[in-house]
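Take the sequence shown: its position 219, counting from 1, is numbered 295 in this note's numbering, and each next residue is one higher. Beta carbons: idealized from backbone N, C-alpha and C, even for Gly. Only a predicted model underlies this, so the values are computations on that prediction, with no experimental measurement involved. See structure below.
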Amino acid sequence: MIYNRKLGRLEQAMEILNSRAKTWNIVTISRIKGYICEEILTQALEVIQSHHPRLNSQIIRSKNSLIFQTQGTAKIALRVVRQLNNEQWQEVVYEEMNKEIDSSQGLLRVVLVHLVGKEHITYLITTIHHAIADGLSSIQLHSEILTFCQKIVSGEPINSVNNLTPLPPIEELMPKWTKGFRGRINSTIFLFKIALRHIWNRPKTLGFEKYVSIAKRRCNIIHRQLDQDLTQKFVNHCRQENTTVHSALCAVLMFTIGRKIIKGSRKSIRVNCLSYFDLRRHLEPEISDDQMAVLASSIMEFHTIGKNTSFWQLAREVKQKLEVGKKSGELFKMILIAKHLIDFCFIYPKQVAATVSVSNVGKINIPKHYGEFELEEISFAGSQALYAGVFVIHVSTFQGKMLLNFVFSQPSISENNMELMVSNVMSYIFDICNLNLDSSLICN
């Protein structure tokens, strides 16, 4: 089937980010118990490419328009690397984050990592264009790949795989008030409101340790985990304090930056947090997890941190403001103005987009076992080199264990300073889990 169409506004913005800043492509990492050979994975990817038409697409420019074209797309790029230890997968991720996707050829590439001397462990790393996927659908993709690997290894025939019909642009799936003349008025008002809020609050950020142009920025990653016991303690304490895990993570990151900036000063500071959310459950009808598309949006909120601000007070405030933002339709309004905000980042590259950014997909509901393959860990990260000076985290929880990927743009943030901030975040989380909330989580 031919599924050619013009890219929607948000999809266009994702391609601009990919081509101009090697940014916002989604890298997903699975640690798998069981040996997956190149031949098996190649066959599974052929099935996957047939199942998801957008994986059988390329982006071409025609008459000043960007178009998804399904004819002539190359097979999904696959390379196999051998590493010496478990931690070297992060080197592969670093490489993948800093390489744009050649969208004129395809929109997904895959790396299979085999560990020398530990053939029973495999890492599967995918890099997918954000115009066709978000964090949840990239995680779902890994589950589908493993499912087909299992079937191929077991000799189960794969005669007929239903080919999904790709979704239209997200703008066509949103409520009526976001469309036409009314939508243009709403987006203009909201853009003006965001600008005024930013000017009025003047949020503090990490800024630039060293400034370089967008083309010279690099993206890096620091990975951390909470074991099942600590993860459950964290979740339980959030519930007891009438807040959410997402809100608590936002508060932890803002506290980390707040204490860094407030140190030596008696003043309170204003900060802002960019939170990302799944849109599937906010659309009518709801979109199933099987569909691959960019179905995520964000809400930006501003907060004040003073020397006596308590952690749980801030976390509950984050939760409240996010609930108000969702009810007022901000998730849809941010889609309407996304391209304008991205254009602003390119026009004013010395501006910092936000103090912190949090993307938490929550509990991942995919199987652990796939025949002889066992999915031990899965996490994701966005390549965000463009977002210099922003403290960014991507979080997933699988089989009761929380996995945290801290992403940062270099050289605006040095690796040493990022390591220190990550250590502070983890220390705060340990304090939360162990109920040490007296002086350690007050900005004094």
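Assigned exposure category for residue i - 16 Cβ within 10 Å defines buried
i, result
"S515", "Note that S515 has pLDDT 45, beneath the 50 cutoff, so the model's placement of it is unreliable and no number is given."
"T104", "buried"
"M77", "exposed"
"F257", "exposed"
"N80", "exposed"
"H445", "exposed"
"S364", "exposed"
Residue i to residue j span [Cα, whole Å]
i, j, result
"T307", "N140", "49 Å"
"S490", "N436", "24 Å"
"E377", "F266", "13 Å"
"V428", "D507", "30 Å"
"Q88", "V468", "23 Å"
"F224", "L479", "25 Å"
"I234", "E450", "21 Å"
"I505", "G401", "26 Å"
"K531", "R315", "Because residue 531 is not part of the residues shown, which for the chain are 77 to 520, the question remains open."
"F484", "M494", "8 Å"
"S455", "V169", "12 Å"
"H470", "E167", "18 Å"
"A347", "I338", "A quick correction: the sequence has Val, not Ala, at residue 347. Distance between the alpha carbons of V347 and I338: 12 Å."
"N296", "V501", "17 Å"
Residue(s) in a DSSP beta bridge with residue i
i, result
"F484", "N296"
"M478", "L302, T473"
"F387", "Its beta-bridge partners do not exist; DSSP assigns none."
"N348", "F378"
Beta carbon of residue i nearer than 8 Å to that of residue j
i, j, result
"F408", "M250", "yes"
"W276", "N262", "no"
"S214", "N94", "no"
"T319", "K403", "no"
"T202", "V186", "yes"
"A369", "I208", "yes"
"L117", "L188", "yes"
"A430", "R293", "no"
"F355", "A372", "Sequence inspection shows Leu at residue 355; the Phe mentioned does not correspond to that position. A contact, by the Cβ cut-off of 8 Å."
"I246", "G405", "no"
"L183", "R130", "yes"
"M330", "H205", "no"
"I298", "V466", "no"
Coil, strand or helix - residue i by DSSP
i, result
"V400", "helix"
"S515", "Any reading at S515 must be qualified, since the residue scores a pLDDT of 45, below 50, and its modelled position is unreliable; the value itself is stated next. The answer is coil: DSSP assigns S515 none of H, G, I, E or B."
"I143", "strand"
"V237", "coil"
"S259", "The identity of residue 259 in the sequence shown is Gly, whereas the question assumes Ser. G259: helix per DSSP, three-state reduction."
"F353", "strand"
"R96", "helix"
"L249", "helix"
"H196", "strand"
Residue i CB to nearest heavy atom of the ligand GTP below 7 Å
i, result
"F310", "By its list of ligands, the structure shown contains no ligand whatsoever, and the ligand GTP lies outside what it can speak to."
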